[in-house]
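As structure tokens, the structure follows; a few thoughts come after it.
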Ligand SMILES: O=c1ccn([C@@H]2O[C@H](COP(=O)(O)OP(=O)(O)O[C@H]3O[C@H](CO)[C@@H](O)[C@H](O)[C@H]3O)[C@@H](O)[C@H]2O)c(=O)[nH]1
Ligand SMILES: [Mn+2]
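Below you can see the structure in the form of structure tokens.
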């Protein structure tokens, strides 16, 4: 609205570029991705300031066409959301809400509008679900036509000789009758997942600067008078991939988007979402922006929102909600200069991603090194009017002649950097705001997209663009770890940036999580492997700069070190069994020192539990699930991660990014059908072995006590208790193995039985039970 401060009435908010990553239409259903896109296009933020970029690492025509469908359905969906204040603005979730949709709705035509839009959405869904088929059929048809053509040509050439069958590669065809430049269904050279051209398509053009009111005519589905019907810009991007180049997984995809968006929209802020994480609260963007625009907000590199999940089984068997982490640890980190970046739901300041230092970073040094090495004070006036400074290079003002070395040689990109810096400054509407921008500076209209801009954007998504630059090294998302998120955030904190944790009353974003055992283990495996990679890299928090607080450093160190606890955890899980086998307790006799230690440890653990429960506000049951999964993950995935990480360091074996499958949520009969899927993975061997050994140990211990002349029941009880404790932790794992109707792959039992027997026999052979408390006759190992 026009006001004395803002006579034009245009929004003075900075632009936001939203990045959505998707990599495989099989594991990440296009319906899920399109819903995310729709929730973004409908977000409550000035339309002309939003731009959405979809990165498709699969290079799939299916994703491309699904995005086109979403863009077209957005013309109905977005104005409908604006007109009736729909929440959440993800149609799939909205139409499946269990609560009464008519509550609090007063507009008379709501019922009619909802019914019509719902029907449109159902049709949209059918179209999306039919895409794989229609693409295949279309390609087949074109292919047949091509073959006939080729045959005719050959017949003309060779005249009456017998015609051989002509082989032409089976292409994937776009609707306009041209070859799809990306991955083909039957992948051929230059058309496979790791080898295809860069593709960029503007699916929704940048909107006009002024609101555009809809009309009420009958051709329209719903009456849109007084509703702004503009849509934000939407761009489909699939970066170029060629064999021989390292594509750096998600980090590489994000960096391609950072460059392309700098040229096309240059929003000073960037929101990163995974394809399955949609905007649940349409106000969230504004809420995040509040922190950035606040006094001192110019020193924030990102605002991280908690990850919240949907579609998880009610008992949360594999601790997917991770509440202790998101509501305990992350909130605590908020007090230590900021939470870590967790990969999705994070609003970045663009220039922080470019690797610049925060403003006023040389003024004060909170780290403890400053007292030992006093620095010379710089003139603070110059600091106030600072320009951009790159980290590491001491005191150097942003030097554009050096920029190509860091950013590559796109002048468009380099010229956009100071603009993004200026536009990202907080609003100088109060004398206390340092380094602000004058009011009204961002109400100017945006430049139009022309062909040369798009051409430039395509050139920066080519795979050679990053050669001999600092992309992934010091600029953008950082390479070298499959948990690129933690490293990227760490680097910013290391430069002195602060971050903020923004927990909104209504969840800002919601995503999905793997609820079946195998997928969950693989996810945890990837995270842990990423952590080990970080531990063995220069990003180990041991080498942190003095700009990090001590506790913050420890927290980051912990992120890198936790997988190594698996080694001890596994020892602990075998100890009770060993003590039962040998008939000896962990200590020779129960003396006072041991009991004091035990008591101390138990009390500490209880206190920790109480704090975790209190701080993250969870129920005892959820806490217990968390503990259980810590052991399950610890004995399987974490151990494997340590081994994988060591292999990478020692033998240089690369680590792949196993995508987590996202359920389409279309199973009508059972919402949690995924929970019961059992897929064999070798990650399951250690926990199964632990279970077997402990079970056998209990049996051995009990029978030994029964048959012994003087049964020492109290001693047995001690041993059995600890064994049971281990088994209780593994209960969800055992349940997961059983599947729905006890359909466990036989291999699981064969393997684990074998391993358990071998270990038991070995034990008996090495340490033959002697004397009175022996079971059966004497046993001689062959
Ligand atoms: O080569 C790749 C691999 C992955 N992705 C995308 O990365 C995202 C995360 O993948 P997912 O399999 O869903 O992993 P999660 O374990 O659920 O993800 C968490 O952990 C990852 C780090 O391991 C982060 O990248 C994610 O943002 C964070 O949500 C998805 O959108 C993918 O499309 C790509 O774009 N290119
Ligand atoms: Mn995910």
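Residue numbers (UniProt numbering): 1 to 782.
Glycine included, every Cβ here is placed at the ideal spot set by N, Cα and C.
Treat the numbers as computed from the prediction; the structure is a model and nothing was measured.
Between the alpha carbons of residue 492 and residue 147 lies a gap of roughly 56 Å. As computed with DSSP, residue 270 is found in a beta bridge with 17 and 348. With a cutoff of 6 Å, residue 22 counts as near ligand 1, since its C-beta is closer than that to a heavy atom of the ligand.
Residue 509: not part of any alpha helix (DSSP H); member of the beta strand (DSSP E) spanning 509–512, first to last residue. In this structure, the beta-carbon distance from residue 436 to residue 428 falls below 7 Å. As a beta-bridge residue in DSSP terms, residue 213 pairs with 228.
Distances from the CA of residue 288 to each of 269, 663 and 606 were compared; the closest alpha carbon is that of 269. Exclusion of the five residues before and after residue 323 leaves 616, 618 and 622 as the residues of its chain whose Cβ lies within less than 7 Å of its Cβ.
At a cut-off of 6 Å, the beta-carbon of residue 660 counts as near ligand 2: some heavy atom of the ligand is closer than that. Secondary structure at residue 545: coil, using DSSP grouped into helix, strand and coil.
Proximity to residue 43 across 72, 78 and 476 peaks at 78, based on C-alpha coordinates. Burial check for residue 654: the Cβ neighbour count within 10 Å stays below 16, so the residue is exposed. Per the Cβ contact rule, the stretch 134–143 is in contact with the stretch 173–186 (3 or more Cβ pairs under 8 Å). The three-state secondary structure of residue 517, taken from DSSP, is helix.
Relative to the non-hydrogen atoms of ligand 1, the Cβ of residue 343 comes within a distance shorter than 6 Å of at least one. Here residue 628 is buried. Its C-beta has 16 or more other C-beta atoms within 10 Å. For residue 330, the secondary structure class from DSSP, reduced to helix, strand or coil, is helix. Buried is the label assigned to residue 236, since at least 16 other Cβ atoms lie within 10 Å of its Cβ. For residue 319, the closest alpha carbon among the candidates 135, 514 and 271 is that of 514. Using a Cβ distance threshold of 7 Å, residue 413 and residue 256 do not count as a contacting pair. In terms of Cβ geometry, residue 349 and residue 301 form a close pair [threshold 7 Å]. Around the CB of residue 314, fewer than 16 other CB atoms lie within 10 Å, so the residue is classed as exposed. Secondary structure of residue 174 (DSSP, three-state): coil.
At least 7 Å separates the beta-carbon of residue 581 from that of residue 756. Residue pairing from DSSP places residue 54 in a beta bridge opposite 20 and 236. For residue 118, the CB contacts under 8 Å within the same chain, skipping 5 residues up- and downstream, are 95 in chain order. Here DSSP, grouped into helix, strand and coil, assigns residue 138 to helix. Counting only runs that start and end inside the stretch 438–525, the alpha helix (DSSP H) elements of at least 4 residues fall at 451–459 and 484–494. For residue 279, the beta-bridge partners assigned by DSSP are 509.
Under the three-pair Cβ rule at 8 Å, the stretch 638–656 does not count as touching the stretch 489–507. Note on geometry: alpha-carbon atoms of residue 299 and residue 426 lie some 10 Å from one another.
The stretch 79–92 makes contact with the stretch 103–111; the number of CB pairs closer than 8 Å reaches 3 or more. In this structure, residue 603 lies away from residue 530, with their beta-carbon atoms at least 7 Å apart. Non-local beta-carbon contacts of residue 540 in its own chain, meaning distances under 7 Å to residues more than five positions away in sequence, involve 534 and 560 in chain order.
Secondary structure in the stretch 53–103: no beta strand (DSSP E) run of 3 residues or longer lies completely within the stretch.
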